[in-house]
């Protein structure tokens, strides 16, 4: 697996490395730590030396040395080889661009929440990366209480609507080796008005039936894992319901697939995944570009006794020392 780790400071790198170190990764995984120097906010050395080429090189070399020493040592402990790239330009453009040219599998980026008008007018770097990245993206939010997290099982909320993208998200979840006792709650959202009309027999939409099928498909995608799995149907607006349930359940990570929308459709309808990533209290992984097993799509029933614990499939998740 190829991990692109986008950082803007040593603090950000530390947060992302802690998250990476808390999991196990496939043998042979490699990481590229990417730091981008923006022209819009020049470092002090640039201003002092009037943006000379020498000042630019000096700042980029300094960042490379700082990030390289920390990243190589800490990633090497979990069997991930690493290199550092320091670039100059527009962050929102360069992160997806480098992910595409390097063929990254997953971008890890820290969430920087803004409460002022800039968030509404311009959007954040994380939001732009979520919408434009060629691969899956995980927006990391640091835990507010590491002492509690250390003794609690990891909780993952998997949102599904039964689409191919949702099943892809479940399959991507199944292919990673998560910590022991990790819990997964599969949720799907139904319109509260349609749900109420169905209950009293005034609607034939069958939204509840489709919701059960969607949960069942995700159950099957996770069947051969050691994850502790449960399912739940919730009512409300999709993004808000996912965010609220993740908060009340105290999820550590939300996993959701994304549907690619371009042009006017993106402007008109927006994106559930982007909305969840922007407002959730915890980390969010948006899955894209994953191959879907066709035998899991369009299933018509849920197993009477869905698996909650099973052995891992035969995959090599062994650790290795970085060269």
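Residue numbers (this note's numbering): 16 to 338.
Ideal Cβ positions, reconstructed from N, Cα and C, are used throughout, including at glycine.
Let me check one thing: in DSSP terms, what residues is residue i bridge-paired to?
i           : result
residue 200 : 172 and 245
residue 51  : 102
residue 205 : 250
Under 6 Å Cβ to Cβ from residue i, same chain only, skipping five residues before and after it: list those, please.
i           : result
residue 157 : 30
residue 34  : 155
residue 267 : 169, 170 and 297
Quick check: the Cα distance between residue i and residue j, rounded to an integer number of angstroms?
i           : j           : result
residue 203 : residue 141 : 25 Å
residue 36  : residue 89  : 8 Å
residue 185 : residue 122 : 18 Å
residue 326 : residue 172 : Here the model assigns residue 326 a pLDDT of 27, short of 50, so the residue's position is not dependable, and the following value carries that caveat. About 21 Å.
residue 198 : residue 169 : 6 Å
residue 19  : residue 155 : 13 Å
residue 167 : residue 103 : 40 Å
residue 86  : residue 221 : 51 Å
residue 292 : residue 271 : 9 Å
residue 84  : residue 100 : 13 Å
residue 40  : residue 269 : 19 Å
Check whether the Cβ of residue i lies closer than 8 Å to any Cβ atom in chain B.
i           : result
residue 268 : Any reference to chain B falls outside this structure, which holds one protein chain only.
Return the first residue and the last residue of the alpha helix (DSSP H) that residue i is part of.
i           : result
residue 288 : 287-294
residue 225 : 222-236
residue 27  : 25-36
residue 21  : Where residue 21 is concerned, there is no enclosing alpha helix (DSSP H), although the beta strand (DSSP E) it sits in stretches over 17-22.
residue 187 : 179-189
residue 195 : Run containing residue 195: none; DSSP gives neither H nor E here.
residue 141 : 140-147
Apart from the five residues just before and just after residue i, which ones in its own chain have a Cβ nearer than 7 Å to its Cβ?
i           : result
residue 111 : 144, 147, 148 and 149
residue 251 : 204 and 207
residue 24  : none
residue 226 : 203, 205 and 248
residue 118 : 17
residue 27  : 125
residue 301 : 145, 151, 152, 271, 273, 288 and 292
residue 258 : 291, 294 and 295
Quick test of your reading: residue i and residue j, contact by CB under 8 Å. State the CB separation rounded to the nearest angstrom.
i           : j           : result
residue 229 : residue 181 : 7 Å
residue 237 : residue 244 : 6 Å
residue 22  : residue 82  : 7 Å
residue 4   : residue 52  : Residue 4 falls outside the range modelled here, since the chain spans only 16 to 338, and no answer is possible.
residue 95  : residue 45  : 6 Å
residue 32  : residue 113 : Not confirmed; about 19 Å, so no contact.
residue 194 : residue 303 : The Cβ separation is near 24 Å, so there is no contact.
Could you spell out where the beta strand (DSSP E) holding residue i opens and where it closes?
i           : result
residue 252 : First-last for residue 252: undefined, no H or E at that position.
residue 155 : 151-155
residue 302 : 298-302
residue 271 : 268-272
residue 124 : 121-125
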